[in-house]
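Novice:
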Amino acid sequence: MDINRKLFFATLAALILYVAFTLPVLLKSSSFGSENYVSINGKKYTEKDLKSSGNGSFKSVRKDYINKLSQVFDSFAEEEILKMEAAKEKLSVEEFVKSKTGQSQPSEQEIGTIYEMYKDRLGGKSIDEVRGDIVNFLNAQKEDQFKNSLREKYKVEVSTEKPERQEVATKDNPSLGPENAKVTIIEFSDFECPFCKRSQDTTRALREKYKDKIRWVFRDYPLPFHQNAMFAHIAANCSAKQGKYWDYFNILFDNSGNLPRENVISLAKQSGLDMGAFNECVEDKDGKIAQEIQMDIQDGQKVGVNGTPAFFINGIMVEGAQPIQNFERIIDKELQ
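For the sequence shown, this note's numbering gives the first residue as 1488, with consecutive numbering after it.
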């Protein structure tokens, strides 16, 4: 996740100094299963108080703990299953996995299909230049499919405390998919964030897999230390006024590392936008677009967003550029 670490630690240091010199405060972090609290002038404030206060940081920490715990359980289950299966064949885990997934290399047709799927985002590289990367991708995909089949065979089910669902508004924001879809996914992203760009392959794959079963909503979250992000988000909002938001959206992310103002405008020309209307719109003379973007940021902060990308699947938060399986696990449960 892309976070302003300097600002974070400076703020944290200032807060510690303030507390140390102005309030007789006792912070206590107890062992697992015990009560955690902060004491101010002898009065205890517990996690319940943090929760009722609407503290976004607490929501983020709590959610992160539940997600991480679920991932640890899942990894543990995978390791144990592989050990059991490998023992049956008197092999090491590595030898066992290789025997099941590494016997055949991807076909030329498979390699060609992947190349055509991602060709527009490969910077003009030929299929031979990226062949090794495609082979590695397909082999990793095959290994994941094999491990998932073992999970099904052993009926793996991870049960943890249910993450708290957040209410996140979707009205008047760009979206794909039917409004009555059973699953709504809200993405808070920054066009200049490298982790957000990395996540786009996953989000596109999810939309392709689930099609009309999900609705995808985008909300702006340009980070303050990305100098070009705010203008890129204003420009994207202007493209929406011409009905070309998602085309321009993809182009902006494909060029995420190169978004100075002049390039953002040049990319708009490539998108076939009416440049007269576009150039007037991006001036944002009344500041309304910037205000709308700021509202997105504030709404995100209220529900625990403190970096990008962040996603809400029917209100369940998923942070960062995570593997597609972490999204699929939640989506599949929500579709049941």
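For glycine and all other residues, C-beta sits at the position ideal for the given N, C-alpha and C.
Starting from Arg1706, trace the alpha helix (DSSP H) in both directions and tell me its first and last residue.
Specialist: Sequence index remark: in the sequence shown, residue 1706 carries index 219 (1-based). Looking at the DSSP string, Arg1706 is not in any alpha helix (DSSP H); the run it does join, the beta strand (DSSP E), is 1701-1707.
Novice: Comparing alpha-carbon positions, which option in Glu1651, Ala1573, Arg1694 lies nearest Gly1664?
Specialist: As a working note, residue 1664 is residue 177 in the sequence shown. Nearest C-alpha to Gly1664: Arg1694.
Novice: In this structure, how does DSSP classify Thr1588 when only helix, strand and coil are distinguished?
Specialist: Translated into positions along the sequence shown, residue 1588 becomes position 101. Here Thr1588 sits in helix by DSSP.
Novice: Taking the alpha-carbon positions, what's the Asp1771 to Met1762 distance?
Specialist: By 1-based counting over the sequence shown, the position of residue 1771 is 284. By 1-based counting over the sequence shown, the position of residue 1762 is 275. Approximately 15 Å, taken between the alpha carbons.
Novice: On the three-pair Cβ rule with 8 Å, is the region 1732-1744 touching the region 1806-1816?
Specialist: No: fewer than three Cβ pairs fall under 8 Å.
Novice: Considering only residues of the same chain and omitting the five flanking positions on each side of Asn1742, which have a CB-CB separation below 8 Å?
Specialist: For the purposes of this step, residue 1742 is identified with residue 255 of the sequence shown, where counting begins at 1. Taken in chain order, the residues that qualify are Asn1750, Leu1754.
Novice: Could you spell out where the beta strand (DSSP E) holding Lys1820 opens and where it closes?
Specialist: As a first step, residue 1820 must be located in the sequence shown, where it is residue number 333. Run containing Lys1820: none in the beta strand (DSSP E); it sits in the alpha helix (DSSP H), 1811-1822.
Novice: Can the beta-carbon of Ile1780 be found less than 8 Å from the beta-carbon of Asp1707?
Specialist: Position 293 of the sequence shown, counted from the start, is the residue given in the question as residue 1780. Position 220 of the sequence shown, counted from the start, is the residue given in the question as residue 1707. Result yes, Cβ atoms of Ile1780 and Asp1707 sit closer than 8 Å.
Novice: With C-beta atoms as the reference, is Cys1680 less than 8 Å away from His1720?
Specialist: Mapped onto the sequence shown, residue 1680 falls at position 193. Mapped onto the sequence shown, residue 1720 falls at position 233. Not in contact: Cys1680 and His1720 (Cβ atoms no closer than 8 Å).
Novice: Spatial neighbours of Tyr1532 within its chain, please: CB distance less than 7 Å, with the 5 preceding and 5 following residues excluded, ordered by chain position.
Specialist: For the purposes of this step, residue 1532 is taken as residue 45 along the sequence shown, with counting starting at 1. Same-chain partners within the cutoff: Tyr1524, Val1525.
Novice: Please look up how many angstroms separate the CB atoms of Phe1633 and Ile1601, rounded, as I've assumed it's under 8 Å.
Specialist: Numbered from its first residue, the sequence shown carries residue 1633 at position 146. Numbered from its first residue, the sequence shown carries residue 1601 at position 114. Their Cβ separation, rounded to whole angstroms, is 18 Å, which puts Phe1633 and Ile1601 out of contact at 8 Å.
Novice: Ends of the beta strand (DSSP E) at Ala1797?
Specialist: Within the sequence shown, the letter at position 310 stands for residue 1797. Here the beta strand (DSSP E) through Ala1797 covers 1797-1800.
Novice: Distance, Cα to Cα, Ile1568 vs Gln1628?
Specialist: In the sequence shown, counting from the first residue as 1, residue 1568 sits at position 81. In the sequence shown, counting from the first residue as 1, residue 1628 sits at position 141. Distance between the alpha carbons of Ile1568 and Gln1628 is about 19 Å.
Novice: Is the separation between the beta-carbon of Phe1675 and that of Pro1796 shorter than 8 Å?
Specialist: Translated into the one-based positions of the sequence shown, residue 1675 becomes position 188. Translated into the one-based positions of the sequence shown, residue 1796 becomes position 309. Yes.
Novice: Look at the alpha carbon of Asn1745 and the alpha carbon of Gln1778, and state the distance between them as a whole number of angstroms.
Specialist: On the sequence shown, residue 1745 is found 258 positions in, with the first residue counted as 1. On the sequence shown, residue 1778 is found 291 positions in, with the first residue counted as 1. Straight-line Cα distance between these residues: approximately 25 Å.
Novice: If distances are taken between C-alpha atoms only, which option among Trp1703, Asn1724, Asn1626 comes closest to Pro1709?
Specialist: Walking along the sequence shown from the start, residue 1709 turns up at place 222. Nearest option by C-alpha distance: Asn1724.
Novice: Check whether the region 1798-1814 and the region 1685-1694 are in contact - that is, three or more C-beta pairs closer than 8 Å.
Specialist: As far as the Cβ criterion goes, the region 1798-1814 touches the region 1685-1694, which means the pair count is three or higher.
Novice: Go ahead and pull the three-state DSSP assignment for Phe1675.
Specialist: The residue given as residue 1675 occupies position 188 in the sequence shown. Strand, per DSSP.
Novice: On the DSSP letters alone, give me the boundaries of the alpha helix (DSSP H) that Thr1657 sits inside.
Specialist: Taking the first residue of the sequence shown as 1, we reach residue 1657 at position 170. Here Thr1657 belongs to no alpha helix (DSSP H), and DSSP marks it neither H nor E.
Novice: Just tell me which of Asp1659, Asp1620, Ser1594 has its CA closest to the CA of Lys1606.
Specialist: The sequence position of residue 1606 within the sequence shown is 119, counting from 1. Closest option to Lys1606, Cα to Cα, is Asp1620.
Novice: So for Lys1577, helix, strand or coil by DSSP?
Specialist: Here residue 1577 is taken as the residue at index 90 of the sequence shown, counted from 1. Coil.
Novice: CA-CA distance, Thr1671 and Gly1787?
Specialist: Position 184 of the sequence shown, counted from the start, is the residue given in the question as residue 1671. Position 300 of the sequence shown, counted from the start, is the residue given in the question as residue 1787. Computed Cα separation, rounded: 16 Å.
Novice: Tell me which residues share the same chain as Glu1581 and place their Cβ nearer than 6 Å to its Cβ, disregarding the 5 neighbours each side in the sequence.
Specialist: Working through the sequence shown from its first residue, we reach residue 1581 at position 94. Counting only Cβ-Cβ distances below 6 Å, and skipping sequence neighbours, we find nothing.
Novice: Quick check: Glu1821 and Lys1696, are their CB atoms within less than 8 Å of each other?
Specialist: To locate residue 1821, count along the sequence shown from 1; it is residue 334. To locate residue 1696, count along the sequence shown from 1; it is residue 209. No, they are not a contact pair.
Novice: Would you call Gly1773 buried or exposed, if buried means 16 or more other Cβ atoms sit within 10 Å of its Cβ?
Specialist: Your numbering for residue 1773 matches position 286 in the sequence shown. The sequence as given places Asp at residue 1773; Gly does not occur at that position. By the neighbour-count rule (16 or more Cβ atoms within 10 Å), Asp1773 is not buried but exposed.
Novice: Asn1528: buried (16+ other C-beta within 10 angstroms of its C-beta) or exposed?
Specialist: Here residue 1528 is taken as the residue at index 41 of the sequence shown, counted from 1. Exposed.
Novice: Mapping the DSSP letters down to three states, classify Val1643 as helix, strand or coil.
Specialist: In the sequence shown, residue 1643 corresponds to position 156, counting from 1. Correct three-state label for Val1643: coil.
Novice: So what does DSSP say about Glu1806, is it helix, strand or coil?
Specialist: One-based indexing of the sequence shown puts residue 1806 at position 319. DSSP places Glu1806 in strand when its eight states are reduced to three.
Novice: Look at Val1790 and Gln1653 and say whether their C-beta atoms are less than 8 Å apart.
Specialist: Counting from 1 along the sequence shown, the entry for residue 1790 is found at position 303. Counting from 1 along the sequence shown, the entry for residue 1653 is found at position 166. Yes, these two residues count as a Cβ contact at 8 Å.
Novice: By Cβ distance, which residues of its chain are closer than 6 Å to Gly1520, with the 5 residues on each side in sequence left out?
Specialist: What you label residue 1520 is simply residue 33 of the sequence shown in a count that begins at 1. Reliability fails at Gly1520, whose pLDDT of 46 lies under 50, so the model's placement of it is uncertain and the value that follows must be treated cautiously. Taken in chain order, the list of residues that qualify is empty.
Novice: Ala1574 to Phe1583, Cα distance in whole Å?
Specialist: Locating residue 1574 in the sequence shown gives position 87, where the first residue counts as 1. Locating residue 1583 in the sequence shown gives position 96, where the first residue counts as 1. Roughly 9 Å separates the two Cα atoms.
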